[in-house]
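These protein sequence lines map, in sequence, to chains R and H.
Residue numbers for the first sequence follow my numbering, beginning at 419 and rising by one.
Residue numbers for the second sequence follow my numbering, beginning at 731 and rising by one.
The beta carbon of each residue, even a glycine, is placed where N, CA and C say it ideally should be.
Here is the structure we will look at, set down as structure tokens.
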Amino acid sequence: MTFSRGLSLGLSWLWLALFSILPLSIVLAIALARPADTVPPFSFGFDPGNLAAAASDPLYRAALWLSLRTAAITTVGCLLIGYPMALAIALMPERCRATLLLAMMLPFWTGFLMRINAWIGMLRDDGWINGALVLLGFAPARLLYTGAALWIGMIYTYLPFMVLPVYARLAKLDPLLLEAAADLGASPLRAFLRVTLPLSVPGIAAGVALVFIPATGEFVIPDLLGGPGARLIGRVLWEEFFNNRDWPMAASLAMLLLASMVLLPLAAWRILVRRGFAV
Amino acid sequence: MDLTVHRGELFVLLGGSGSGKTTLLRAIGGFVRPDAGAIVLNGADLGRMPPHRRPVNTVFQSGALFPHLSVAANIAFGPRQRGMKRTAVAARVEELLALVRLEGFGGRRPSELSGGQQQRVALARGLAAEPSLLLLDEPLAALDRGLRADTAAELVALQKRLGTTFILVTHDQNEALTMADRIGVMRAGRMAQVGTPREVFETPANRFVAEFMGVTNLWKGTVGGDGMTMDVPLLSAAIRLAAPTAAGPAAVGVRAERIRIGAVSGGNQLRGVPERSVYSGETVTHAIRLGQNGIVFVTEPAHGAAHLDGEVTLSFPPSACLVFPR
């Protein structure tokens, strides 16, 4: 091993140890600690009770389940909207692609809270959407602080994280393969299903991971758009930490969330590999 | 362009880059739409048919194998799309793997095969749906030299055995001569000549084909009133022709291999000074200067080739002269 190789490897490991393994160990240590009326509000020990409670308490379970469900809906929504977008951009002539990608990214240069506030303005009872509905002769609908508003906000926010990896994969696809498929008798739809789609699976997998994992822990969008019913795990965790000051419980919930976010995509990926979709 | 390819024939489209040979192939495959005219296969006009409905398959230059599918699934792709039953497809795949001598390779991915093996899979995939016409775009270009001759011979044997009509595109005249039943030499989107390898090689229809088929000595001149001699100013010589030719400006071509060093009676004779010799293994090619600007190329077998010194006499029979109108 050369010196420079050793140095770069060593630095990577140091970085990982300092900013990933160490904080994670601290969180785990707090999860195993007991709550106490001190500053900080816990005393170190080995008490797996918090972890067990986090995993078994119906309230937390409901929150975790709601989070996973919301993240799943967000991921599917992003995929259904993002894949056709990515495909359309990839099929454009090369000189148009950069412009279209830029157009997609442009809104994301404004602040995140600004954009969510804009959605509140649109979704409000007297907002633009309801205004348009009334103008067209429909009854106004309750939108803000519903599940639909939450999903709209989530899908809107996470869409680029799906489009970009899928686009990157589709742009690399050899157009000759589609010609070959057509030549062998595949209609454009069949060629898409048997060639384009399977070859874009790694891009989809990357997009799913990039959307699903952060969406599971999301707590700002549910707080602003979802109303009091949207008790997602991120929000519950926030409450345990800042309102109840139960650090061991908050840390246990964080560990639980982490475990579910690591294990679920891993399981999904293994299924894909086993079924021969992933190259 | 008007071209008829016969059923069961191995037809080779030969031309340099930009001659339109690949475009013609893509038009038959359905990937380029002709502005005008018709492409008729067994009486049916393919003109407006999308590629996936045409009973024509293509072997692409790069192979264009599906990287995510196994060799067997690649071969099965065509028959499956045409609605063949699963069990029948499996049998067909085995049959084709045997045909291209890749038994046991069905489970591999294309990336696990060598270039030659990939090309054979591409061929098997093209043949799997039993097309009435198989198009091959430079199928040997990706192979290294040693493998190319063998694969060419195998391809011809396979075509003869199956009786499928092949249209093969190449820029390599040697490949065209050894493989083709007939050759179509293309230039700038037009057919410069269509004929058997022997016809195209021995009696090229025009100067372009002659040059493309390796006639290195091409001189401008004027055919005399008797139609049997041609005056070539560059060589300061009059050349006797074998057959009567219309008088007037023309060009004459003589293959370098047809010219002998030394005097041979009854032939055309020229005298010149050797300038340089190029050794290329089996043969040696001498460049002989005649007069001020005339260069005559003479090729002779390298074994026993004379070392040239001083003025030499060159002879070639009138029958070696190919005359083209100018």
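Residue i by DSSP, collapsed to three states: which one?
i	result
Ser1100 of chain H	Nothing can be reported for residue 1100 of chain H, as the shown portion of chain H is limited to 731 through 1056.
Thr881 of chain H	helix
Phe452 of chain R	Here residue 452 of chain R turns out to be Arg, not Phe, going by the sequence shown. It is a strand residue.
Ile1018 of chain H	strand
Ser1049 of chain H	helix
Asp775 of chain H	strand
Lys950 of chain H	strand
Val1042 of chain H	strand
Val962 of chain H	strand
Val626 of chain R	helix
Val697 of chain R	Confidence is the limiting factor: at Val697 of chain R the pLDDT is only 47, short of 50, which leaves the residue's position unreliable, though a coordinate-based value still follows. Reduced to three states, the DSSP call for Val697 of chain R is coil.
Leu457 of chain R	In the sequence under discussion, the amino acid at residue 457 of chain R is Val, which differs from the Leu named in the question. In the structure shown, Val457 of chain R sits in coil (DSSP, three-state: anything other than H, G, I, E or B).
Ala686 of chain R	helix
Gln791 of chain H	coil
Asp465 of chain R	coil
Glu1030 of chain H	strand
Val930 of chain H	helix
Leu870 of chain H	coil
Gly745 of chain H	coil
Thr900 of chain H	strand
Gly644 of chain R	helix
Thr528 of chain R	coil
Leu857 of chain H	helix
Met943 of chain H	coil
Pro1055 of chain H	strand
Asn535 of chain R	helix
Ile769 of chain H	coil
Pro476 of chain R	helix
Can you tell which of the options has its C-alpha closest to the C-alpha of residue i?
i	options	result
Leu898 of chain H	H:Arg878, H:Leu866 and H:Thr908	H:Leu866
Val619 of chain R	R:Val691, R:Ala677 and R:Arg608	R:Val691
Leu743 of chain H	H:Pro927, H:Leu971 and H:Ala883	H:Pro927
Gly1062 of chain H	H:Asn1023, H:Pro963 and H:Val1042	This structure does not reach residue 1062 of chain H, given that chain H is present from 731 up to 1056, and the question cannot be answered.
Met958 of chain H	H:Leu965, H:Thr946 and H:Ala977	H:Ala977
Ala1032 of chain H	H:Val1003, H:Gly793, H:Thr1015 and H:Leu1038	H:Thr1015
Thr634 of chain R	R:Leu602, R:Ser678, R:Ala624 and R:Ala604	R:Ser678
Arg970 of chain H	H:Asn1023, H:Ala818, H:Pro1047 and H:Gly914	H:Pro1047
Ala623 of chain R	R:Ser426, R:Tyr501, R:Leu519 and R:Leu434	R:Tyr501
Pro840 of chain H	H:Glu860, H:Gly876 and H:Ala803	H:Ala803
Gly760 of chain H	H:Gly893, H:Pro780 and H:Glu987	H:Pro780
Is there at least one Cβ from chain R nearer than 9 Å to residue i's Cβ?
i	result
Gln848 of chain H	no
Gly836 of chain H	no
Gly777 of chain H	no
Arg822 of chain H	no
Val819 of chain H	no
Pro780 of chain H	yes
Thr753 of chain H	no
Ala859 of chain H	yes
Val735 of chain H	no
Gly845 of chain H	no
His798 of chain H	yes
Taking 9 Å as the threshold (beta carbon to beta carbon), is residue i in contact with chain H?
i	result
Ser438 of chain R	no
Leu602 of chain R	yes
Pro480 of chain R	Pro is not the amino acid found at residue 480 of chain R; the sequence shown has Ala there. Closer than 9 Å: no.
Val697 of chain R	Because Val697 of chain R sits at a pLDDT of 47, beneath the cut-off of 50, its placement in the model cannot be relied upon, and the point is left open.
Leu611 of chain R	no
Leu617 of chain R	yes
Pro466 of chain R	no
Pro583 of chain R	no
Arg688 of chain R	no
Pro606 of chain R	yes
Going along chain B in order, which residues have a C-beta closer than 8 Å to the C-beta of residue i?
i	result
Ala794 of chain H	Among the chains of the structure shown, chain B does not appear; the protein chains present are R and H.
Meets three-Cβ-pair contact criterion under 8 Å: the stretch 979-998 of chain H and the stretch 945-957 of chain H: yes
At least three beta-carbon pairs within less than 8 Å, the stretch 841-850 of chain H to the stretch 581-589 of chain R: no
Meets three-Cβ-pair contact criterion under 8 Å: the stretch 522-538 of chain R and the stretch 638-657 of chain R: yes
At least 3 beta-carbon pairs within less than 8 Å: the stretch 470-485 of chain R vs the stretch 536-550 of chain R: no
Complete runs of the alpha helix (DSSP H) confined to the stretch 548-614 of chain R [at least 4 residues]: 565-589, 593-601 and 606-609
Validate contact between the stretch 537-546 of chain R and the stretch 597-609 of chain R using beta carbons, cut 8 Å, 3 pairs: The stretch 537-546 of chain R makes no contact with the stretch 597-609 of chain R: fewer than 3 CB pairs, one atom from each, lie closer than 8 Å.
Meets three-Cβ-pair contact criterion under 8 Å: the stretch 483-492 of chain R and the stretch 732-742 of chain H: no
contact_flag[the stretch 441-454 of chain R, the stretch 661-673 of chain R] where n(CB pairs < 8 Å) is 3 or more: yes
Contact the stretch 644-658 of chain R vs the stretch 434-452 of chain R: 3+ CB pairs below 8 Å: No contact exists between the stretch 644-658 of chain R and the stretch 434-452 of chain R.
Stretch pair the stretch 781-789 of chain H + the stretch 864-881 of chain H: three plus CB contacts closer than 8 Å: yes
Touch test, the stretch 515-529 of chain R against the stretch 604-613 of chain R, Cβ-Cβ under 8 Å, three pairs minimum: Judged by Cβ distances under 8 Å, the stretch 515-529 of chain R makes no contact with the stretch 604-613 of chain R, as fewer than three pairs qualify.
Cβ pair count under 8 Å reaching 3, the stretch 850-858 of chain H against the stretch 802-821 of chain H: yes
The stretch 883-902 of chain H contacting the stretch 751-758 of chain H, beta-carbon criterion three pairs below 8 Å: yes
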